[in-house]
Every structure is written in structure tokens, then in C-alpha cells.
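Data block below; observations after.
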Amino acid sequence: MADTKRQHYVPRFLLKHFCADGKTIDVTDLIENKTYSANIMNVAQEKYFYNLNTNKGKVSLEKQYAGLEDKAAPIVDKIVKTESIGWFTDENFQILEDLILCQFYRTRKYVNHVKAFLQANNIPLFDLVDADGNVKKTLCCEDVGVDDNVARVISYNFLYDVEHNGDVRDAIASMEWLLLKATGKEKFITSDNPTILNNHLASIEYKGEITGFDLPHSQIFLPISSKLMLTLTAGPMAEESRTRLLKVMMKGIPVVISDAFRCSITGEAARCPDVLVKLFNETQKRNAERFVFG
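If you want our numbering, it's the position in the sequence shown, counting the first as 1, plus 1.
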């Protein structure tokens, strides 16, 4: 079977939830400063983006990523339908953790970041080994030359390593999940680089660097529809918030339990007012490579 020609780095099952008809999406080109409508088939994709030339021949990762999308799509559809994550199983969490990591590392922006870094630094890339497994030579950037294909090979290898890194998986698994719902006139947007990794303590936004999934004040934002956005907060940060609330209550000071605090327990969607939706959307624009959608 021939490879799919148009290979999306933001899957259509996510993009469709930012469309009025499930097919046509509003696109803003941040470089040319223009907005137009397009079919989701034609956005956030490149020809043969997952087809690689390696020392073992031509390799395609399209089916691998399509397999993850087949698992994640019905979960996202159900979140949008129920406006809740309270029904999640452990398997549901694990699949969406894979999706979050995938959407962080497989985009055009991340590949471009890797290419720029490799072109500026002559670091070791590959080991040449003999039949006995002994390293004959280590090839560096200047030895192989860094083009788009090499950058994509490195990016996808890095994604594989992160997906199988126990510290990263444990950090994400320990995060507190919250579903936000836009309740006013403003709607969530997404982009060609939709997963945002933010370090709350240092106010560092992801702009190509890695801020660290396992840092104690990290947060992850992933819009999944024009009305809903998933947020993940590092365990230590969430625990600090609960501790501060408990201290206030123990002093006898009357407090109103926030909608977000309640919904983090029930899994229901917490109300997100226009002012916060605008803030998240501005962050999404700054995180984008070139295009925002919705």
C-alpha cells in the first residue's frame, strides 16, 4: 500500500473540533498577517513528512502515528461530547499522555528547532559499528551534514526516547488534569504547534527550548476544541495550591471553593471566562510556528 501523501503533524481529528462544519477551518497566517478558510485536509501537513532516509533505507512512521491517532480520536470525541474527563480510565490517560508528547515533538516547529540547533553545534549524532557491535567511528553534524531529513530523524528518535523515559512518564502521570470550558464569547484557538509546555514558577514559555516536563511547576496546555482545553499541572504545584487553601480554611477565614478545584476532582469542565481564554489564545499564538486555527 502506498504511503499517504499528505501527512499531518496536527491530526484532523483535533482540527475538526475547531470547525463549524467539521471540515472547513479559519486559518491565520501570522507571517503574512492574513486570514482565510481552508479544508482541514490541507493545513498542518506536509508531503511525506514522516518518510525518512536512513542508513537502513527508506522508513515511514506514518502508520505508527496513525495508530496512536486511531486510539486517541474516540477519546477526544467523547470529551467534546460529554464535556468531562471524569469517565477516564488509566488507559485513556496513557493514550492522551502519548498524544501530548507526540504533539510536542513531531511538529514542523520542533523539527526546525532541532535543525537550527544541529547546524550551530557540531555534536555527535550516530555511531558506526562493526559486525561485533564495536563502535568504529562517531559521526558528528559536520560529518553527515544537517538537512531537513536529518533533523526529522533526530526529532522522531528523541520523541521515542522521551516516550520511553520513566522519569518523564512518571512526571506526566502525576500531573493533575483539568478540563476548561470557554463560557463567554471568546473561543479557544489552536495552532500548527498546539501543545504548550509552561514553567509557571519561572514564567518560561516553550519557544523551541525544553522547559522540562518533570519540573515541579510545569503546566501543559492542549486545546481540543473551540470550547474545551486540557490543562495538566505538576503534582507539587497542585499540592501547594491545596495546602494554601487548607491553611486559609483552618484559620476560619470563609472562602469560596473555586470551580476549578471542584472540577479537578469530578472531571467536569471548569468555567473559563473570556479574559483567560484570551490569555491562553495569545500564548497559543506566540507558541505557533506560523499558523493558528479556529
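No residue lacks a Cβ here, since even glycine has one placed at the ideal position from N, Cα and C. All figures in this text were calculated on a predicted structure; none of them were measured in a lab.
Taking three-plus beta-carbon pairs below 8 angstroms as touching, is the segment 69-83 in contact with the segment 168-175?
-> no
So phenylalanine 292 is in the beta strand (DSSP E); what residue range does that whole segment cover?
-> Taking the first residue of the sequence shown as 1, we reach residue 292 at position 291. Taken as a continuous stretch (DSSP letters only), the beta strand (DSSP E) holding phenylalanine 292 covers 292-294.
With distances taken Cα to Cα, identify the nearest neighbour of glutamate 177 among Ile41, Ile221, Tyr66 and Asn199.
-> Residue 177 sits at position 176 when you count from the first residue of the sequence shown. Looking at the Cα atoms, Ile221 is the closest of the given residues.
Candidates Ala45, Ile26 and Asp275: closest to alanine 39 by CA position | Taking the sequence shown and counting its residues from 1, one reaches residue 39 at position 38. The shortest Cα separation from alanine 39 among Ala45, Ile26 and Asp275 belongs to Ile26.
How would you call leucine 129, buried or exposed, if buried means at least 16 neighbouring beta carbons within 10 angstroms?
-> Against the sequence shown, residue 129 aligns to sequence position 128. By the neighbour-count rule (16 or more Cβ atoms within 10 Å), leucine 129 is not buried but exposed.
Valine 163 to isoleucine 101, Cα distance in whole Å?
-> Counting from one through the sequence shown, the residue named residue 163 turns up at place 162. Counting from one through the sequence shown, the residue named residue 101 turns up at place 100. Spanning the two alpha carbons is a distance of roughly 12 angstroms.
Report the rounded CA-to-CA distance for phenylalanine 19 versus lysine 188, giving the unit in angstroms.
-> As a position in the sequence shown, residue 19 is number 18, starting the count at 1. As a position in the sequence shown, residue 188 is number 187, starting the count at 1. Each residue's alpha carbon lies about 9 angstroms from the other.
Shortest alpha-carbon distance to cysteine 273 belongs to which of Asn113, Glu84 and Thr196?
-> Stepping through the sequence shown from its first residue, residue 273 is reached at position 272. Among Asn113, Glu84 and Thr196, the Cα nearest to that of cysteine 273 is on Glu84.
Taking buried to mean at least 16 other C-beta atoms within 10 Å of its own C-beta, is lysine 59 buried or exposed?
-> In the sequence shown, counting from the first residue as 1, residue 59 sits at position 58. So lysine 59 counts as exposed.
Expected contact under 8 angstroms - CB spacing of cysteine 264 and leucine 179 to nearest Å | For this step, residue 264 is matched to residue 263 along the sequence shown. For this step, residue 179 is matched to residue 178 along the sequence shown. Correct: roughly 6 angstroms between the Cβ atoms.
Top-ranked residue by Cα proximity to threonine 184, from Val276, Ala117 and Gln285 | As a working mapping, residue 184 is identified with position 183 in the sequence shown. Comparing Cα positions, the closest option is Val276.
With DSSP run on the structure shown, which of helix, strand or coil describes lysine 59?
-> Residue mapping note: residue 59 aligns to position 58 of the sequence shown, counting from 1. Lysine 59 falls in the strand class under three-state DSSP.
Residue closest to tyrosine 49, alpha-carbon to alpha-carbon, out of Leu160, Asp149 and Pro195 | For the purposes of this step, residue 49 is identified with residue 48 of the sequence shown, where counting begins at 1. Per the Cα distances, Asp149.
Can you give me the start and stop residues for the alpha helix (DSSP H) that arginine 109 sits inside?
-> To locate residue 109, count along the sequence shown from 1; it is residue 108. Segment 109-121, the alpha helix (DSSP H) holding arginine 109.
What span of residues does the alpha helix (DSSP H) with leucine 216 cover, start to end?
-> In the sequence shown, the residue the question calls residue 216 occupies position 215. It is not in any alpha helix (DSSP H) - leucine 216 carries neither H nor E in the DSSP assignment.
So, helix, strand or coil for valine 147, using DSSP?
-> Numbered from 1 along the sequence shown, position 146 holds the residue referred to as residue 147. In the structure shown, valine 147 sits in coil (DSSP, three-state: anything other than H, G, I, E or B).
Compare the beta carbon distance of valine 28 and threonine 36 with 8 angstroms and say whether it is the shorter of the two.
-> On the sequence shown, position 27 is the one that residue 28 refers to. On the sequence shown, position 35 is the one that residue 36 refers to. In contact: valine 28 and threonine 36 (Cβ atoms closer than 8 angstroms).
Are tyrosine 51 and glutamate 70 touching if we call contact CB-CB under 8 angstroms?
-> Here residue 51 refers to the residue found at position 50 of the sequence shown. Here residue 70 refers to the residue found at position 69 of the sequence shown. Contact: no.
Any idea what DSSP makes of histidine 9, helix, strand or coil?
-> Counting from one through the sequence shown, the residue named residue 9 turns up at place 8. Of the three classes helix, strand and coil, the one that applies to histidine 9 here is strand, per DSSP.
Once you ignore the five residues that flank glutamate 143 on each side, which residues in its own chain have a CB closer than 7 angstroms to its CB?
-> Here residue 143 is taken as the residue at index 142 of the sequence shown, counted from 1. Answer for glutamate 143: Asn123, listed in chain order.
Since arginine 291 contacts aspartate 30 with CB under 8 angstroms, what's their CB separation in whole angstroms?
-> Along the sequence shown, read from residue 1 onward, the residue named residue 291 stands at position 290. Along the sequence shown, read from residue 1 onward, the residue named residue 30 stands at position 29. That belief holds up - the Cβ atoms of arginine 291 and aspartate 30 are roughly 6 angstroms apart, short of 8 angstroms.
Measure from the alpha carbon of phenylalanine 294 to the alpha carbon of each residue in Trp88, Ala235, Leu126 and Ser192, then state which is nearest.
-> Sequence index remark: in the sequence shown, residue 294 carries index 293 (1-based). For the residues Trp88, Ala235, Leu126 and Ser192, the minimum Cα distance to phenylalanine 294 belongs to Ser192.
Serine 204 classed as buried or exposed, judged by whether at least 16 other C-beta atoms fall within 10 angstroms = Here the question's residue 204 lines up with position 203 in the sequence shown. The predicted model places serine 204 with a pLDDT of 47, which falls under 50 and marks its position as unreliable, so this point remains unresolved.
Can you tell me which of the three DSSP states alanine 289 falls into?
-> Position 288 of the sequence shown, counted from the start, is the residue given in the question as residue 289. The answer is coil: DSSP assigns alanine 289 none of H, G, I, E or B.
Among all the DSSP beta bridges, which residues are the ones paired with glutamate 33?
-> In the sequence shown, residue 33 corresponds to position 32, counting from 1. Bridge partners of glutamate 33: none, in fact.
Terminal residues of the beta strand (DSSP E) in which glutamate 177 lies = Here residue 177 corresponds to residue number 176 of the sequence shown, with the count starting at 1. 177-183 is the extent of the beta strand (DSSP E) around glutamate 177.
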